[in-house]
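Visitor: Sharing a structure, written as structure tokens. Questions coming.
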Amino acid sequence: MPPIFAISILYGLGLTASMQVGLIGPIAPDLRAGFGLSQAEFGLVASLITAAGALTAIPTGVWAARAGLRKSLVLGCLMMILGATIFATADVAVMLYVGRVVTSIGYLLIVVGAPSWMAGFDNPKIVAMAMSIWGTFIPVGIAMGNWVSAAVLVWLDWRLAVVACTVPVVILLPLLAVMTPPTTSTPRKSLLVGVIGVLKSRAALRVALTFSAFAGATSAALAFMPAMLADNLDIGIAPAAGIIGTTAIVGNIIGSVGAGMALGRNIAGRRILMLFLPIMAVAISTLFVSTHMPLSLTALIIFNIGQGAVAGTCFALLPGIAKGGLSMPALQGMLAQFAEIFVVIVPPVAGAMIDRSGWSGAAGVLGALYFAGFLISMGKSAKKRSAT
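Structure below.
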């Protein structure tokens, strides 16, 4: 099977997983009205998509390496379908939470298994291309989720929006059966040895911590962004989602491709992170307080370019770290676990700040997190191989 075919399927699974994050923004007003949720409670609904990863991502990565990546991905698809079904049929708030937790298990298995499969290709150039493409799955998938959710919401209701954002995984699931697993595999270490191995790597820890601050802030920003743009710019949810989706896809591709080209020219990944994280801090702070369309669009485009550059760089650094004898699925699990702890915590905190201080409260929290990522990335103890 040509690698491009496998990459397309694996990337498609990643997009579908991230659509489960993006679908929440447009349906926020309906969920809050229908279930009587505060902004903080809605933030918890949004953040629970990564609950499983926040608790078990590293051991899940080790398990995926031992059990097989195909099994991990198939199980992930099934759990996403089950979770979306529970969420879409909920009649009380607690079932919203249950549905998101179940979906989070599928989300975790996919985001650990898919890039680990890509990293197992024999050709290093194909691996580099695949990981660069994979770096865009979160923002592009979130943008697609925003689009689909908003479009369905205009004509139908939020429950069908959830279903529509889950249909792609039903289509992609059978295709996993015809895919050939990579011929090279990461070490099949015991659970304890695999977990300890990645936790002892300073290079892996620095990338994971930087990415966690970035991911937590980005998840919260995108969950509240449609409602924020609708309020600040006095536009509808559907136009707001369209603006977010268009700028996200274009901006992230520019940022990810640009970061890949820079890394290919031996520009240190640490320098890329140190450049774009403070830029994102300024952009998101500006975006959440701006009431002028030109300024908001400029800040949104800059923010999305930064997303692509930071995410692409963090993912691209992992195969080099894995060459030290570490398990690639375990490294993916580490990145996911650190990030998803923040993704669970930050949206409710941001929601509480919105309840207290309006959109400017969220601007302060999100800007501070991106700046924290900058401070982590600039540390001098990072190993050279993790920054090139």
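Per numbering that gives the first Met the number 0, residue 0 is the first one in the sequence shown, and the count goes up by one each step. Every residue, glycine too, gets a C-beta built ideally from N, C-alpha and C.
(1) Are Leu-365 and Ala-219 close, meaning C-beta to C-beta below 9 Å?
(2) Of all the options Gly-350, Ala-89, Gln-306, which has the alpha carbon lying nearest to the alpha carbon of Leu-415?
(3) Would DSSP call Ile-234 helix, strand or coil?
(4) How should Phe-4 be labelled, buried or exposed, when 16 other C-beta atoms within 10 angstroms of its C-beta is the threshold for buried?
(5) Apart from the five residues on each side of it in sequence, which residues of its chain come closer than 7 Å, Cβ to Cβ, to Trp-390?
(6) Ends of the alpha helix (DSSP H) at Phe-120?
(7) So, Val-206 versus Leu-316, is the Cβ gap smaller than 9 Å?
(8) Note down the Cα distance separating Leu-262 from Thr-312, rounded to an integer number of angstroms.
(9) Could you tell me which of Ala-118, Ser-148, Ile-300, Leu-272 sits nearest to Thr-285, measuring between CA atoms?
(10) Is it the case that the Cβ atoms of Val-309 and Trp-358 are separated by a distance below 9 Å?
(11) Classify Ala-267 as helix, strand or coil using the three-state DSSP reduction.
(12) Might you give, ordered along the chain, the residues of its own chain that have their beta carbon closer than 7 Å to the beta carbon of Leu-68, omitting 5 neighbours on each side?
(13) Do you know how far the Cα of Gln-306 is from the Cα of Pro-225?
(14) Three-state secondary structure (DSSP) at Val-91?
(15) Using a Cβ-Cβ cut-off of 7 Å (strictly less than) and excluding sequence neighbours within five positions of Met-227, which residues of its own chain qualify?
(16) At the level of alpha carbons, what is the spacing between Gly-24 and Ser-211?
(17) On the DSSP letters alone, give me the boundaries of the alpha helix (DSSP H) that Ser-37 sits inside.
(18) Kindly indicate the opening and closing residues of the alpha helix (DSSP H) around Met-377.
(19) Could you have a look at Met-279 and say whether DSSP puts it in helix, strand or coil?
(20) So what's Gly-134 in DSSP terms, helix, strand or just coil?
(21) How is the alpha helix (DSSP H) around Leu-12 delimited, first residue to last?
(22) Mapping the DSSP letters down to three states, classify Asp-156 as helix, strand or coil.
(23) Quick one, which of Phe-136, Gly-259, Pro-277 has its alpha-carbon nearest Met-18's?
(24) My assumption, with CB atoms under 8 Å, is that Val-61 sits in contact with Gly-332. Please give the rounded CB distance.
(25) Can you look up Cys-76 in the DSSP assignment and give me helix, strand or coil?
(26) Return the CA-CA distance between Ile-80 and Ala-371, expressed in angstroms with no decimal places.
(27) Would you call the segment 257-275 and the segment 336-348 touching, i.e. three or more CB-CB distances under 8 Å?
(28) How should Thr-290 be labelled, buried or exposed, when 16 other C-beta atoms within 10 angstroms of its C-beta is the threshold for buried?
(29) Inspect the beta-carbon positions of Ile-109 and Thr-15 and report whether they are closer than 9 Å.
(30) Report yes or no: do three or more beta-carbon pairs, one from the segment 142-150 and one from the segment 33-46, lie closer than 8 Å?
(31) Suppose contacts are defined by Cβ-Cβ distances below 9 Å. Is Leu-391 in contact with Val-168 by that definition?
(32) Assuming Ala-51 contacts Ile-104 (C-beta within less than 8 Å), just tell me the rounded distance between them.
(33) On the three-state DSSP scale, how would you describe Thr-290?
(34) Grouping DSSP H, G and I as helix and E and B as strand, with all else coil, what is Gly-67?
(35) For a test of the three-state rule: what should DSSP assign to Phe-370, helix, strand or coil?
Guide: Judging by the given coordinates:
(1) The residue given as residue 365 occupies position 366 in the sequence shown. The residue given as residue 219 occupies position 220 in the sequence shown. Their beta carbons are under 9 Å apart, which means Leu-365 touches Ala-219 by this criterion.
(2) In the structure as shown, the chain begins at 0 and stops at 387. Residue 415 is therefore absent and cannot be evaluated.
(3) Translated into the one-based positions of the sequence shown, residue 234 becomes position 235. Reduced to three states, the DSSP call for Ile-234 is coil.
(4) The count along the sequence shown starts at 1 and reaches residue 4 at position 5. Classification for Phe-4: exposed.
(5) The requested residue 390 does not occur in the structure, where the chain is confined to residues 0 to 387.
(6) Counting from 1 along the sequence shown, the entry for residue 120 is found at position 121. Neither: Phe-120 is in no alpha helix (DSSP H) and is coded neither H nor E.
(7) If you number the sequence shown from 1, residue 206 lands on position 207. If you number the sequence shown from 1, residue 316 lands on position 317. Closer than 9 Å, so yes.
(8) As a position in the sequence shown, residue 262 is number 263, starting the count at 1. As a position in the sequence shown, residue 312 is number 313, starting the count at 1. Between the alpha carbons of Leu-262 and Thr-312 lies a distance of about 8 Å.
(9) Here residue 285 refers to the residue found at position 286 of the sequence shown. That would be Ile-300, whose Cα lies nearest to the Cα of Thr-285.
(10) Numbered from its first residue, the sequence shown carries residue 309 at position 310. Numbered from its first residue, the sequence shown carries residue 358 at position 359. Contact annotation: Val-309 and Trp-358 have beta-carbon atoms that are not nearer than 9 Å.
(11) Against the sequence shown, residue 267 aligns to sequence position 268. Coil.
(12) As a first step, residue 68 must be located in the sequence shown, where it is residue number 69. Listed in chain order, the non-local C-beta contacts of Leu-68 below 7 Å within the same chain comprise Gly-112, Ser-115, Trp-116, Pro-180, local neighbours out to five positions each way being set aside.
(13) On the sequence shown, position 226 is the one that residue 225 refers to. On the sequence shown, position 307 is the one that residue 306 refers to. Their Cα atoms are separated by approximately 17 Å.
(14) The residue labelled residue 91 in the question sits at position 92 within the sequence shown. In the structure shown, Val-91 sits in coil (DSSP, three-state: anything other than H, G, I, E or B).
(15) Position 228 of the sequence shown, counted from the first residue, corresponds to residue 227. Listed in chain order, the non-local C-beta contacts of Met-227 below 7 Å within the same chain comprise Phe-287, Trp-358, local neighbours out to five positions each way being set aside.
(16) For the purposes of this step, residue 24 is identified with residue 25 of the sequence shown, where counting begins at 1. For the purposes of this step, residue 211 is identified with residue 212 of the sequence shown, where counting begins at 1. Taking the straight line from one Cα to the other gives about 21 Å.
(17) In the sequence shown, the residue the question calls residue 37 occupies position 38. Note, Ser-37: premise wrong, no alpha helix (DSSP H); not H, not E.
(18) Stepping through the sequence shown from its first residue, residue 377 is reached at position 378. From DSSP, Met-377 is part of no alpha helix (DSSP H); its letter is neither H nor E.
(19) Within the sequence shown, residue 279 is the residue found at index 280, counting from 1. Helix at Met-279.
(20) Counted from its first residue, the sequence shown places residue 134 at position 135. Note: Gly-134 maps to coil in three-state DSSP.
(21) Residue 12 sits at position 13 when you count from the first residue of the sequence shown. Looking at the DSSP string, the run of the alpha helix (DSSP H) that includes Leu-12 is 2-21.
(22) Here residue 156 is taken as the residue at index 157 of the sequence shown, counted from 1. In the structure shown, Asp-156 sits in coil (DSSP, three-state: anything other than H, G, I, E or B).
(23) Residue 18 sits at position 19 when you count from the first residue of the sequence shown. The shortest Cα separation from Met-18 among Phe-136, Gly-259, Pro-277 belongs to Phe-136.
(24) For the purposes of this step, residue 61 is taken as the residue at position 62 of the sequence shown. For the purposes of this step, residue 332 is taken as the residue at position 333 of the sequence shown. Sure, about 7 Å apart at Cβ, within 8 Å.
(25) Locating residue 76 in the sequence shown gives position 77, counting from the first residue. Residue state, collapsed to three classes: helix.
(26) Looking up residue 80 in the sequence shown gives position 81. Looking up residue 371 in the sequence shown gives position 372. One alpha carbon belongs to Ile-80, the other to Ala-371, and they sit about 35 Å apart.
(27) Judged by Cβ distances under 8 Å, the segment 257-275 makes no contact with the segment 336-348, as fewer than three pairs qualify.
(28) Here residue 290 refers to the residue found at position 291 when the sequence shown is read from its first residue. Thr-290 comes out exposed.
(29) For the purposes of this step, residue 109 is taken as residue 110 along the sequence shown, with counting starting at 1. For the purposes of this step, residue 15 is taken as residue 16 along the sequence shown, with counting starting at 1. Yes, they are a contact pair.
(30) Counting Cβ pairs under 8 Å, fewer than three are found: no touch.
(31) The structure shown does not extend to residue 391, since the chain is modelled only from 0 through 387, so no value can be given for it.
(32) Within the sequence shown, residue 51 is the residue found at index 52, counting from 1. Within the sequence shown, residue 104 is the residue found at index 105, counting from 1. That pair is a contact at about 4 Å.
(33) Walking along the sequence shown from the start, residue 290 turns up at place 291. Looking at Thr-290 - three-state DSSP - the assignment turns out to be coil, as it is neither helix nor strand.
(34) For the purposes of this step, residue 67 is taken as the residue at position 68 of the sequence shown. Residue state, collapsed to three classes: coil.
(35) For this step, residue 370 is matched to residue 371 along the sequence shown. Of the three classes helix, strand and coil, the one that applies to Phe-370 here is helix, per DSSP.
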